[in-house]
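Residue numbers (the working numbering), protein chains in the order written: chain C, 1 to 538; chain A, 539 to 869; chain Z, 870 to 1098; chain E, 1099 to 1185.
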Amino acid sequence: MTSVVYSENEDRHATPEDYLSGGWSIRSWLLTVDHKRIAWLYAVSITLFFFFGSAAALLMRLELITPAGDLLSPESYNRLFSLHGIVMVWFFLIPSIPATLGNFLLPMMVGARDMAFPKLNLLSWYVYTLGGIFTIAAVIAGGVDTGWTFYTPYSTLFSNSAVLAAAVGVFIVGFSSILTGLNFVVTTHTMRAPGMTWGRLPLFVWANYATALIMVLATPVLTVTLLLIGLERTLGIGIFDPALGGDPLLFQHLFWFYSHPAVYIMILPAMGVVSEIIACFSRNPIFGYTGMVLSIMAIALFGFIVWGHHMFVSGQSLYAGILFSFFTFLVAVPSAIKTLNWTATLFRGRISFDAPMIYALSFLELFTVGGLTGIFLAALALDVHLHDTYFVTAHFHYIMVGGAVTAYMGGLHFWWPKLTGRMYSRGWATTAALALLIGLNLTFYPQFLLGYAGMPRRYHSYPDDFSILQVLSTLGAGVLALGYLLPLIYLSWSLRRGEKAGPNPWDAQGLEWQTPSPPPVHNFRETPEVNEGPYAYK
Amino acid sequence: MSSEAPQTPAIEDPQIGLKLIPEQASEYAQQVDFLYYALLGISGLLMGILAALVVVFAVRYRRSLRRERGELIAERSGRRLEIGFALLLCLSFIGLFYWGSQLYLHLYSATDADVTIDAVGKQWMWKFQHPDGTREINTLHLPVGETVALRITSQDVIHSLSLPAFRLKRDAVPGMYTRAQFTPTRAGTYRLFCAEYCGTDHARMRGKVVVLERADYQQWLAGKVDVPDRAEAGAQLFQSLGCGACHKADGSGLAPALQGVFGSRVKLADGSEVVADEAYIRDSIVEPQAQLVAGYQPVMPSFSGQVSEEEILQLISYIQSLGQSREADEQ
Amino acid sequence: MPTSNSGRSGESRPEVQFDDMEQQRHAGLLGMWVFLLTELLLFGAIFASFAILRVRHGAVFAEAAGHLDLSLAAVNTALLLSSGLTMALAELSAGARLRRATIGWLQATMALGALFLAIKGFEWYSEFRHQLMPVLGLPFHYSSALAAPGEQPVAAVAELFFNLYFIATGLHAVHMLVGLGILAVMLALARRWRRPDRIDRQLRIAGLYWAFIDVVWIFIFTCFYLLRA
Amino acid sequence: MTNRTAVLCWLGLLALLAVTLLAGALDSSALRYSLHFLCAAAMAALVMLVFMRLYTSSPLLRLVAVGGVMWIALLILLTLADTLTRS
């Protein structure tokens, strides 16, 4: 690996004080253009939104303990699941890994001093916050009850909830992920250190680069779709109104053209994090680096031709359904190859079971269950039975909560010493990781069974026969909540009283570990010289 | 926005206990369950292999053993392993894809059915209409053994008729007919849900499907007060709306005669040809000029907004009853 | 636009995160092109909606297109293409460090752009007067040869056409206004002429955005005005 | 791009505009529509190659331009695949 020489040199690079001790004034945080501080701004705001969305989820789970809808009125239940969807998808999952770990680590991993456009990076956080304000305003104004999918003609003609405020909120936050995506693409293309060829990029950088491509290619279609809803509700110039000959399925096509690639925006960075963690904690180079890179790009690009599998029962033509089902089976192959490669990386390694590794191995189990159930839903006849049932809810929660959030937690625990210079307590971290694994399986496995039994999604009250599985699921949600609260406690505790972590506590490979922790303002004394591959673990 | 808050009928859930695999109330349901078990088997196998590998590797290669490391898999054989695994997956996926799409086509592509039932979704109830004019809300009585074709549409937002026992689900989309057909093979009471979120009482828009033996079904029909069957209701509407003034039986009126028009090929003013199926007739009632018949003036006024979805279906049944043309029989 | 922090010297020094000027220029151009990619897909969704609805309601859409003023739109298209030329000449003059020429061509571009918007406004006003603007529930009176006058469904589908027409041209007009704003800033910088190399770099990027607006208008003009009965 | 090529490109654009307007007079709508779209595509290509200097810029920028056009085509074609084959 390159050795970075810390010699005093001309003043152009900042003196070696780290990016945190540069100042704690409001100005130094709210006007910073340092990608590391912007990562912290994002980390704090998405954590707030995460607990806001989780509270909505817990309330829904409490309501669902009893078959009759008695804790909440139907209106408030519908507003809760819409809020849970909107906040979790756009305000937590999509920015979670790219905007925090990605913002912090991508410039360091490619050997750059900062992002290509630091000011746009800060603007992206302000646009995110503005979107958040509008969404919270929508909640205060009575909440939106269209679900996070905003299906027409309900969202345009029949819903009289705060649809406009929520649509404007998501419209604005879309620009935040466009700006982040644009920054990542340009930084990866133009800011790589000498010697850092595409074949030597760590998989975390590849994953975030592919995610950035999807963000740039897919988000504009969501933006204009929400604009069309806003225009139909305000100016009355709608193109989805069936009475005017508009086509509700046209809305679904435009919405899912963004929303399916969006689920790959959520899972690809998680795959990048897991590759880094598994390679480091099994002391093995990643098995099949080229296969992993091709799989990442295949998932990103083929992710754009499968959206029709959300519309198998919606009246879409049978032949389009068959076409989309075929493509959906194909897009599952790269994910399977990646799972094979992660498992093969463990072969003949020297595996240690610190918290990040437990999160990574949990990811392996949970993501595979999520992926395999995706194959069930790709088979047309099964999707007819399972569409819009709890089977689908369980499938995407296994992938989003089991995959993306678990990997986000793993990445947070893996790079925490680098971000803060402090180490957290190993015992508590292991407990939290196991609580998350158990809680997740206990919450969402019963929902697979509910799904095949026919229980539809978004039901505020349900037939009495399903109550035993719903109670089990609510129990699991409690354990899951514990699994998320614990890290909040011991990680913030470690900020003050955690023991000092050296520059490389895990003895990991990668340019970001060549800097002191927490790293100096401009990351490297000299632009590092890279002369070998990313995972040279001996 | 929706003006008055429509009232939602009481829910009558079938008391059939928690059935993790819903009853196989039709032969098609059995086929879907075979596909489900096959996929469960494959997934179980793959999960088992993955879990075994991870556990074995975790135990044998844990760092605390301080054992000398063996040789890693060579680059070439590693690539072969990946490509082999990918090909194996592609082959099994193509098989599963073919199996799934065959059943899908069987369920949704139109075949001739013994009885056509109209299902109209409306904010927060399902309205069913039998050929003999019987109407039901949130409950559907069916005889065993007859192939039932569902003609599904919605009056307001998108709903989705879900019959888990028949492994069947079809969205009700406003302004469009969607179809599905199934053949109940076992008598009993099964669940009926609305699966697509449709507003406040989406959760209360559910009921039951009652499949009766043929004799009980006739008895149930007899028990019903005699209500004019759908085609007769259509005929009455045809007169009351004054359609007969132009659509004269002998074709001398301003509009084409409708005898035997259902299912026939109609030549349009812009030179194209179209089959006069339900969708064409519905569009002609709601949007007469869009597909004008060749040789006629665009004088027919639109009835959209004056006739409800059920009444349009009654008119269609009446036109159907005026004799199927020869092509429709061969289809 | 990355501002550079160089002193008076001719070639300004790159920003702190870049190693040299070539890297910064390449990053700027790539950044702009990726941004134009998102704008292209923003309009792409509108063109996709147009394609679907045009296929479903071919006859009525073709007939409704007849109600638009083709001659005005043709003049507008010629104006916008000419403003593309003047923008290119402004870029070339900035490249050759000709201050007066750059200012002149920039002013010409802005004049042509403003004229385009004026004509577009007039066109909208004439549609408003003919009661063909279904915005905010305004009366929508559509006479069609396809059906007896005032027929609801053909008028409904025509209303759908005009909805899409106003959405597409409105979104394009908003982008024109943003473009004019950028040109105004560039004009102010060109007048002060403090750092000509920076003006040259930023004018190239602004030119990309302006030319992109031309490309979008070419397709809006073709889809809405030309596909007549 | 030089002054000369810019002016030539401008003249080409105006010529294409004239062609597409004259094409309006043809009677067969299929021919008319295809000519309209051909001219539009040619005009767009001219603007992108000359005014946006794709002709002389790095292959990466050309890839971005082609990628954008491909993604719009992807969205339109697959959505049309549904609309056209809907029974």
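No residue lacks a Cβ here, since even glycine has one placed at the ideal position from N, Cα and C.
- Using a 10 angstroms sphere on the CB of C:Phe287, the tally of other CB atoms reaches 16 or more, which defines it as buried.
- Between A:Tyr599 and C:Arg348, the gap from beta carbon to beta carbon is short of 9 Å.
- With the rule of 3 Cβ pairs closer than 8 Å, the stretch 155-171 of chain C does not count as touching the stretch 198-209 of chain C.
- DSSP places A:Val748 in the uninterrupted beta strand (DSSP E) bounded by 745-750.
- The C-beta distance from C:Ile239 to C:Gly230 rounds to 13 Å, too long to meet the 8 Å contact threshold.
- For a cut-off of 8 Å, the C-beta gap from C:Gly111 to C:Leu511 is around 5 Å, short enough to register as a contact.
- Scanning chain C for C-beta atoms nearer than 9 Å to the C-beta of E:Leu1173 yields Val221, His253, Leu254, Phe257, Phe304, reported in chain order.
- Between the stretch 494-510 of chain C and the stretch 402-422 of chain C there are three or more inter-stretch CB-CB distances shorter than 8 Å, so the stretches are counted as touching.
- Residues of chain Z with a Cβ closer than 9 Å to the Cβ of A:Asp808 are, in chain order, Gly927, Ala928.
- For the stretch 227-252 of chain C, the set of residues with a beta-carbon nearer than 9 Å to any beta-carbon of chain E comprises Asp247, Leu249, Leu250, in chain order.
- Chain-order list of chain E residues neighbouring Z:Thr1091: Thr1118, His1134, Phe1135, Cys1137, Ala1138, by C-beta distance under 8 Å.
- For C:Arg61, the closest Cβ of chain Z is not nearer than 9 Å.
- For C:Ala508, no CB of chain A lies under 9 Å from its own CB, so it is not counted at the interface with that chain.
- A Cβ-Cβ contact shorter than 9 Å links C:Tyr42 with C:Pro95.
- For A:Ser698, the enclosing beta strand (DSSP E) starts and ends at 697-701.
- Contact note: A:Glu684 does not reach chain Z at a C-beta cutoff of 8 Å; the least C-beta distance is about 35 Å.
- A direct Cα-to-Cα measurement between C:Ser45 and C:Ala99 gives close to 11 Å.
- Selection C:Val139, C:Gly403, C:Thr219 evaluated against C:Ser161 yields C:Val139 as nearest (Cα-Cα).
- Shown here, C:Leu64 sits in coil according to DSSP, grouped into three states, outside any helix or strand.
- Chain A places a beta carbon closer than 9 Å to that of Z:Pro1022, counting this residue as a contact.
- Rounded to whole angstroms, the gap between the alpha carbons of C:Trp90 and A:Pro681 is 49 Å.
- Of the residues assessed, C:Asn121 falls on the buried side of the cut-off, its CB having 16 or more other CB atoms within 10 angstroms.
- A direct Cα-to-Cα measurement between E:Ala1163 and C:Leu227 gives close to 25 Å.
- Sequence-distant partners of Z:Ala934 (beyond 5 residues in either direction) whose C-beta falls short of 8 Å from its own C-beta, in its chain, are Phe1030, Phe1093, Tyr1094, Leu1095, Leu1096, Arg1097, Ala1098.
- Residue contact check for E:Leu1158 against chain Z: a CB pair falls below 9 Å.
- Note on C:Asp145: 16 or more other CB atoms within 10 angstroms of its CB, so buried under the neighbour-count rule.
- For the options C:Asp388, C:Thr345, C:Pro528, the alpha carbon positioned closest to that of C:His309 is the one of C:Asp388.
- By the rule that beta-carbons nearer than 9 Å mark a contact, A:Gln827 touches chain Z.
- Secondary structure at Z:Leu909: helix, using DSSP grouped into helix, strand and coil.
- Within chain C, the residues Thr527 have their CB atoms less than 7 Å from the CB of Z:Asp888, given in chain order.
- Counting along the chain, Z:Arg1064 sits inside no beta strand (DSSP E), nor does DSSP assign it H or E at all.
- A:Val824 belongs to the set of residues whose beta carbon lies under 9 Å from a beta carbon in chain Z.
- Taking a C-beta cut-off of 7 Å against chain E, none of the residues of the stretch 1062-1074 of chain Z qualify.
- If you check the CB distance, Z:Phe1035 and Z:Phe916 do not come in under 9 Å.
- Considering only A:Ala793, A:Phe635, A:Leu625, the residue with the shortest C-alpha distance to A:Gln835 is A:Ala793.
- DSSP places C:His84 in the uninterrupted alpha helix (DSSP H) bounded by 74-88.
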